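For reference, the structure discussed in these notes is given below.
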Amino acid sequence: MKRFNWKAGKKYAAVAAAAASIVLAATGCSTNGNASTSSSSGSSGGSSSAFQGSSSETYYMVTFLSGIEYWKGCFAGMQAAAKDLGVKAVFTGAPQYDINQEVTTMQQIIAKHPAGILVTSINAQAMTPVINQAIAAGIPVISFDSDAPQSKRYAYLGTSNVEAGQKAADYLGQALGGHGQVAVITTPGELNLDQRVQGFKEEMAAKYPGIQVVAVQNGNSDQIKTAQVTSALLQTYPHLAGIFCTEADEGTGAATAVQEAGKTGQVKIVSFDTDKATLNAIKSGEITATVAQGTWNMGFWGLMDLFAIHHNLVHPVANWQQNGVDPVPPEVDTGVTIVTKSNVNAYLQQ
């Protein structure tokens, strides 16, 4: 019999609690405002008539680097919720890794006055004013994947990035037998990536004193730049034994450089996320492992939260708006899984 994983149970309990609170609060409540339809306008037959939208209600997902594969899992979850609710879900974002582009995209969406916005922040400080602008306009905002914690957003659904960094450190530390030099490749200034680095470094220092983190380099979320950075690291540290990459393009970029140096398998790479290139690199042995996030849950429960807030279905206290009480759980950890050769086929089949 498997032992119960208390930490994992706690995470799923948080998600379940969010769902239960919405469903229970909805019983006996009626919808207000205009509702909307997503990929389909019909209701899937939920437990309460309060969870039925109409074709006039639209929710947006706003991202940066909008063309990358990672967001597909997030939006798939949002589309599933939209179908259940009978509302419309629209994906948009900044095509480049550009702060001003995402701020401008948010402003354009705010001008449409949608029913709600699910947003991932390229930069917490830069996105805070425009998120607050949406809230001031009466548009509910939920953060996912990368948070803007000082903003007035209602909730954040995503990975506990510090813990994810710790899990990456544990896997790499054990794979190296607790000894050797490792490097980190990341994109500084993006809160979720910074937190992954924090967790990785803290865990290595606490549990693996025989492992030295010799460098933290900027890969700028770009395969070509990361390959160049990795090549330089391999020359500077010829005994480098491991690399932790905080996002997928950096993982595949590092794998390319390690392969070109003839050190595949000799330098162990732990990456992030489950795009096809990363999964194929795990299967071929070019990447040792990757950290898979609960992307579908981010999109699904994010829209559920937005719908409940928009329709005022949840009442934790009387006059919760005036009393500053959040109607939904302010933070939900959607969990991570370490993907290796042993379980990579399950992800490739999705």
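In mature numbering (1 follows the signal peptide of the UniProt record, and there is no 0), the protein residues as written are -25 to -1, 1 to 325. Every residue, glycine too, gets a C-beta built ideally from N, C-alpha and C. Treat the numbers as computed from the prediction; the structure is a model and nothing was measured.
For residue i, three-class secondary structure by DSSP
i, result
"residue 258", "helix"
"residue 118", "strand"
"residue 225", "helix"
"residue 215", "strand"
"residue 324", "coil"
"residue 196", "coil"
"residue 42", "coil"
"residue 280", "helix"
"residue 315", "coil"
Buried or exposed by the 16-neighbour rule on C-beta atoms within 10 Å, applied to residue i
i, result
"residue 83", "exposed"
"residue 210", "exposed"
"residue 269", "buried"
"residue 121", "buried"
"residue 32", "buried"
"residue 79", "exposed"
"residue 77", "buried"
"residue 198", "buried"
"residue 170", "buried"
"residue 259", "exposed"
"residue 141", "buried"
"residue 317", "exposed"
"residue 294", "exposed"
"residue 104", "exposed"
"residue 272", "buried"
Distance CB(residue i)-CB(residue j) smaller than 9 Å
i, j, result
"residue 139", "residue 174", "yes"
"residue 158", "residue 191", "yes"
"residue 119", "residue 220", "no"
"residue 35", "residue 66", "yes"
"residue 85", "residue 115", "no"
"residue 217", "residue 257", "no"
"residue 194", "residue 161", "yes"
"residue 144", "residue 179", "yes"
"residue 110", "residue 148", "no"
"residue 281", "residue 52", "no"
"residue 267", "residue 248", "yes"
"residue 303", "residue 130", "yes"
Boundaries (first-last residue) of the alpha helix (DSSP H) holding residue i
i, result
"residue 105", "99 to 111"
"residue 168", "166 to 182"
"residue 145", "136 to 150"
"residue 83", "74 to 87"
Extent of the continuous beta strand (DSSP E) run through residue i
i, result
"residue 193", "186 to 193"
"residue 249", "Per DSSP, residue 249 belongs to no beta strand (DSSP E) and is neither H nor E."
"residue 266", "264 to 268"
"residue 288", "That residue, residue 288, is in no beta strand (DSSP E); it is neither H nor E in DSSP."
"residue 66", "63 to 69"
"residue 131", "130 to 133"
"residue 306", "306 to 308"
"residue 156", "155 to 161"
"residue 94", "91 to 94"
Close beta carbons around residue i, own chain, < 7 Å, minus the five adjacent residues each side
i, result
"residue 253", "223, 226, 227, 246, 262, 265"
"residue 292", "298, 300"
"residue 164", "98"
"residue -5", "For residue -5, the pLDDT reaches just 45, beneath the cut-off of 50, and the residue's location in the model is therefore unreliable, although a value from the coordinates is still provided. These residues qualify, in order along the chain: 289."
"residue 156", "187, 189, 212, 214, 215, 216"
Proximal residues to residue i (C-beta, below 8 Å), its chain only, five neighbours per side dropped
i, result
"residue 69", "38, 39, 40, 41, 76, 77, 79, 80, 97"
beta-carbon residue i near the ligand GDP non-hydrogen atom, thresh 8 Å
i, result
"residue 75", "The ligand content of the structure shown is nil, which means the ligand GDP is not present either."
Close-in-space but distant-in-sequence residues of the same chain around residue i (CB under 6 Å, 5 per side omitted)
i, result
"residue 183", "148, 153"
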